[in-house]
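Report on the following structure.
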Amino acid sequence: MRVAFVGKGGAGKSAIAGVVARLLARQGEDVLAVDSDPLPGLSISLGLGVVDAAIPSDAVEEKAEGEPGPRFRLRQGLTAFDALRDYALPAPDGVRFLQFGKTRASGAPLMRSQWAFRQILDGLPPETPTIIGDLPGGTRQPFFGWAGYADTVVVVTPPTSAGLLSARRLAKLAATDAAPNRIVAVISQARDDGDTERVRRRTGLDVVGSVPWDEHVLAAEREGRSVLDAAPDAPAVTAIVTLTERLAARQTTPVLAELQGGGR
């Protein structure tokens with residue numbers, strides 16, 4: 001299973017992705033959590049706090065002029081599995097964590113780290129490991145390179161006008177050739193029973209989970225902790241347990257739900 005979470009900034013995608021990764025690891029999965037968002041998030045929800053460690057720029061080398069393919073490749077002798085061994089960080093519950101770097105880095109080193117990140121993911125076989133990813137916030141990145149490893153993209157959206165507009169745009173982009181096999185929605189910060197139908201109607205996406213508004217999540221984030229550690233019995237955690245079970249059972253719709261008739 002390879003799942004990438006995306007949504008507008010503040011939607012809660014990192015908090016959900018981190019808990020899903022750890023729950024899957026507790027079930028015996030070999031889980032690699034990957035963060036391509038240049039702002040801190042996934043490392044905190046995994047229980048690592050803020051992590052600045054990046055893939056070193058010398059993990060890749062520039063191809064010779066005229067050589068086909070991407071500009072950079074993993075340096076000679078370094079396989080994707082070697083890179084995971086050398087650069088992935090251990091996280092709670094046996095999860096491994098990989099990120100390309102944060103916004104304080106810039107210029108050529110960050111660019112090379114980004115290329116290394118993508119080359120590592122491209123070099124892994126489809127069967128293993130299970131990958132849970134946190135994508136950059138916004139409406140374009142998931143379908144233009146950063147989610148190439150994912151067979152499922154989960155759009156995390158609060159049931160607000162801004163959140164629904166962002167989710168609707170993501171749903172439309174899913175009709176492109178670069179789209180993953182499956183795109184679904186998860187409601188974050190849900191407050192009433194009508195939110196599921198509202199999100200389904202406004203986005204055209206199959207809604208596979210709903211995570212309620214929960215002060216425990218905010219309290220954990222203030223402390224720089226995972227809600228799974230700070231409040232393991234919180235309503236949000238209970239909802240993410242159900243979501244994880246659904247994703248693991250592949251109970252999501254395999255194709256994009258029909259967009260015709262959806263609200264604007």
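Quick note on numbering: UniProt numbering labels position 206 of the sequence shown as 206, and the sequence is numbered without any gaps.
By construction, the Cβ of each residue, glycine as well, lies at the ideal position given by its N, Cα and C atoms.
Quick caveat: nothing in here was measured; it's all calculated off a predicted structure.
Distance between tyrosine 149 and leucine 121 (C-alpha atoms, nearest Å): For the purposes of this step, residue 121 is taken as the residue at position 121 of the sequence shown. For the purposes of this step, residue 149 is taken as the residue at position 149 of the sequence shown. The C-alpha of tyrosine 149 is placed about 7 Å away from the C-alpha of leucine 121.
Three-way DSSP call (helix, strand, coil) for aspartate 86 in this model: Translated into positions along the sequence shown, residue 86 becomes position 86. Reduced to three states, the DSSP call for aspartate 86 is helix.
Below-7 Å beta-carbon distance, glycine 47 vs any chain D residue: Here chain D cannot be found, since the structure has a single protein chain.
Separation of glutamine 99 from glutamate 61, as counted between CA atoms: Reading the sequence shown from its first residue, position 61 is the one you call residue 61. Reading the sequence shown from its first residue, position 99 is the one you call residue 99. Pairing glutamate 61 with glutamine 99, the inter-Cα distance amounts to about 19 Å.
Rounded C-alpha distance that separates alanine 17 from alanine 59: For the purposes of this step, residue 17 is taken as residue 17 along the sequence shown, with counting starting at 1. For the purposes of this step, residue 59 is taken as residue 59 along the sequence shown, with counting starting at 1. Those two C-alpha atoms are separated by around 26 Å.
Residue of Gly194, Leu205, Glu197 minimising C-alpha distance to aspartate 185: Start at 1 with the first residue of the sequence shown, and residue 185 comes out as number 185. The question names aspartate, but residue 185 in the sequence shown is alanine. Distances from the alpha-carbon of alanine 185 to those of Gly194, Leu205, Glu197 put Leu205 closest.
Alpha-carbon to alpha-carbon, leucine 48 and threonine 157: Residue mapping note: residue 157 aligns to position 157 of the sequence shown, counting from 1. Residue mapping note: residue 48 aligns to position 48 of the sequence shown, counting from 1. Approximately 25 Å between the Cα atoms of the pair.
Beta-carbon proximity check, aspartate 37 vs aspartate 134, cutoff 7 Å: In the sequence shown, residue 37 corresponds to position 37, counting from 1. In the sequence shown, residue 134 corresponds to position 134, counting from 1. Cβ atoms of aspartate 37 and aspartate 134: closer than 7 Å.
Own chain, CB closer than 6 Å to glycine 94, minus 5 neighbours either side, in chain order: For this step, residue 94 is matched to residue 94 along the sequence shown. Short of 6 Å from the beta carbon of glycine 94, and not among the five residues preceding or following it, lie these beta carbons of its own chain, in chain order: Ala25.
Proximal residues to aspartate 30 (C-beta, below 7 Å), its chain only, five neighbours per side dropped: Stepping through the sequence shown from its first residue, residue 30 is reached at position 30. Counting only Cβ-Cβ distances below 7 Å, and skipping sequence neighbours, we find Thr128, Pro129, Thr130.
Beta-carbon spacing of valine 155, leucine 170 below 7 Å: By one-based count along the sequence shown, residue 155 stands at place 155. By one-based count along the sequence shown, residue 170 stands at place 170. A contact, by the Cβ cut-off of 7 Å.
Check whether alanine 33 and alanine 21 have beta carbons under 7 Å apart: Counting from one through the sequence shown, the residue named residue 33 turns up at place 33. Counting from one through the sequence shown, the residue named residue 21 turns up at place 21. Closer than 7 Å, so yes.
Nearest to serine 91 (by Cα), restricted to the options Arg73, Val208, Val51: For the purposes of this step, residue 91 is taken as residue 91 along the sequence shown, with counting starting at 1. First, the residue type needs correcting, since residue 91 is alanine and not serine in the sequence shown. Selected option, being the one with the closest Cα: Val51.
Three-state secondary structure assigned by DSSP to isoleucine 55: Indexing the sequence shown from 1 puts residue 55 at position 55. Collapsing the DSSP output to three states places isoleucine 55 in coil.
Delimiting residues of the alpha helix (DSSP H) encompassing glycine 163: Along the sequence shown, one-based indexing puts residue 163 at 163. That run of the alpha helix (DSSP H) goes 161-173.
Glutamine 260 burial status per 10 Å Cβ neighbour count (16 or more: buried): Translated into the one-based positions of the sequence shown, residue 260 becomes position 260. Here glutamine 260 scores only 34 on pLDDT, less than 50, and its place in the model should not be relied on; the value that follows carries that caveat. Glutamine 260 is exposed by the Cβ-count criterion.
For glutamine 27, the three-state DSSP class (helix, strand or coil): As a position in the sequence shown, residue 27 is number 27, starting the count at 1. Glutamine 27: coil per DSSP, three-state reduction.
Cβ contact check for the segment 232-249 and the segment 200-220: 3 or more pairs under 8 Å: Verdict: yes, contact present.
Rounded C-alpha distance that separates residue 292 from leucine 228: Past the boundaries of the shown model lies residue 292; the chain is included only from 1 to 264, so the question cannot be answered.
Straight-line gap, leucine 247 to glutamate 65 (C-alpha atoms, nearest Å): Within the sequence shown, numbered from 1, the residue matching residue 247 stands at position 247. Within the sequence shown, numbered from 1, the residue matching residue 65 stands at position 65. In this model, leucine 247 and glutamate 65 are separated by some 43 Å (Cα to Cα).
Start and end residues, beta strand (DSSP E) containing arginine 182: Position 182 of the sequence shown, counted from the start, is the residue given in the question as residue 182. From DSSP, the beta strand (DSSP E) with arginine 182 extends over 182-190.
Nearest to proline 56 (by Cα), restricted to the options Gly209, Ala230, Met111, Gly77: Taking the sequence shown and counting its residues from 1, the one referred to as residue 56 is at position 56. The shortest C-alpha separation from proline 56 is found at Met111.
Cβ-Cβ separation, glycine 137 to glycine 12 (assumed contact under 8 Å), whole Å: Residue mapping note: residue 12 aligns to position 12 of the sequence shown, counting from 1. Residue mapping note: residue 137 aligns to position 137 of the sequence shown, counting from 1. By a beta-carbon distance limit of 8 Å, glycine 12 does not contact glycine 137. Their separation comes to about 11 Å.
Residue interval of the alpha helix (DSSP H) (run including threonine 242): Your numbering for residue 242 matches position 242 in the sequence shown. That run of the alpha helix (DSSP H) goes 235-248.
Glycine 133 in three-state terms, based on DSSP: Stepping through the sequence shown from its first residue, residue 133 is reached at position 133. Glycine 133 carries a strand assignment under DSSP once its states are collapsed to helix, strand and coil.
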